[in-house]
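In full-length UniProt numbering, the protein residues as written are 1 to 257. Beta carbons are placed, not taken as given, at the ideal position from N, Cα and C, and that holds for glycine.
Here it is as C-alpha cells:
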C-alpha cells in the first residue's frame, strides 16, 4: 500500500518570517526612539551606534529571507545567501511560532511549511554525494509495534515481512548503498550523524523532530520527509516510500561521475 501526505504551502512560513521581521523592526525602532535622549546625554554617537546595530540585524535578516524566496522561485543559489538564510531561520523561527499562535495557526502546520522551505533550499543547491556518504535515519515508531525483532541497533535484523515500512527501507539501502539507521530519539540521531560523518542526511520523522533536527545538523545538508500517522503519533507510523526514494536519488551522484 502506498502512503502519501499532503504538501504544505511554503508561503505560510515565509509570510510569518516577514511579519516577524517587521514586528522586530518596529520594536527596535521604538526602543531606539525612547532611548534616544538618554543615550545622547551619555555620548552623542551612542544613538547612531544603536541605530546601526538594529539596522544591521534587519538588513542581514532581510537578505536571508530574500535567499529563501530566490530558492523557492528557482533562481540559482548565491553563496552570500546560504549561511544568512539559515541564520535568519534560527533567529526568527521562535517569533514566527509566537505569531502563528497569536493568529491561531497550528504549530504543526508552520513546521510543515518550514520543512518544505528548507527542502526546497537544499534541492536548489543541487548537492550530490556518493551513496555511501548519505545517511537515512528514521524513528523506531516506523516499525510494527508487535514485531519481536530489534532493529534500533541493526536495521538488518528486519525480516522484511512487509508489515511495516522498515523492510522497504532496508531493501532500498541494500540496493542503493546508503547508510540506514533506526533511532529512538533526537539524541541518538545526532550521535549517529557524528559516528557516520555523512555528507548529506535524509530524515524521516514528525514535524517537531524534523524541524529541530534540520536546524541541529546545519551546515550539513538535510532533507526531511514527514511520516504518516494513521494510528496517531509515535505508533505504527508509515512513510511514502516513493517520496523517500525520490529524495534519496536527488542526492546521489550519477554513475558516470
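Span separating the alpha-carbon of residue 254 from that of residue 70 = 26 Å
Using a threshold of 8 Å, state whether the C-beta atoms of residue 117 and residue 251 are closer than that.
-> no
Go ahead and pull the three-state DSSP assignment for residue 178.
-> coil
What distance in whole Å lies between the Cβ atoms of residue 99 and residue 16, which are believed to be in contact at a cut-off of 8 Å?
-> 6 Å
Report buried or exposed for residue 171, applying the criterion of at least 16 other Cβ atoms within 10 angstroms of its Cβ.
-> exposed
Quick one: which unbroken alpha helix (DSSP H) runs of 4-plus residues sit fully inside the segment 124 to 199? Chain order, please.
-> 166 to 176 and 186 to 196
Determine the burial state of residue 94: buried for a count of at least 16 other Cβ atoms within 10 Å of its Cβ, exposed for fewer.
-> exposed
Alpha carbon to alpha carbon, how far is residue 112 from residue 206?
-> 9 Å
Inter-residue spacing [alpha-carbon to alpha-carbon] between residue 153 and residue 182 = 7 Å
Quick one: residues in its chain with C-beta nearer than 6 Å to the C-beta of residue 96, no 5 flanking neighbours on either side, listed in chain order?
-> 16, 17 and 20
With distances taken Cα to Cα, identify the nearest neighbour of residue 213 among 229, 191, 233 and 232.
-> 191
Grab the span of the beta strand (DSSP E) containing residue 75 for me, first residue to last.
-> Per DSSP, residue 75 belongs to no beta strand (DSSP E) and is neither H nor E.
Of the listed residues 127, 160, 120 and 209, nearest to residue 185 (C-alpha basis) = 209
Would you mind sorting residue 141 into buried or exposed? The rule is 16 or more other CB atoms within 10 Å of its CB.
-> buried
Where does residue 104 fall in DSSP's three states?
-> coil
Can you say whether residue 187 is buried or exposed, counting buried as having 16 or more other CB atoms within 10 angstroms of its CB?
-> exposed
Roughly how many angstroms separate the alpha carbons of residue 14 and residue 157, rounded to a whole number?
-> 42 Å
Excluding the 5 residues preceding and the 5 following residue 165 in the sequence, name in chain order all residues of the same chain whose CB lies nearer than 7 Å to its CB.
-> 142, 238, 239 and 241
Distance between beta carbons of residue 12 and residue 109, contact taken as under 8 Å = 7 Å
So the beta strand (DSSP E) residue 252 belongs to, where does it begin and stop?
-> Counting along the chain, residue 252 falls outside any beta strand (DSSP E), and DSSP gives it neither H nor E.
Have a look at the DSSP bridge pairing and note the partners of residue 226.
-> 205
Can you name the start and end residues of the alpha helix (DSSP H) that residue 237 belongs to?
-> Segment: none, residue 237 is in no alpha helix (DSSP H) and carries neither H nor E.
Take residue 245 as the anchor and find which of 31, 177, 63 and 87 has the nearest alpha-carbon.
-> 177
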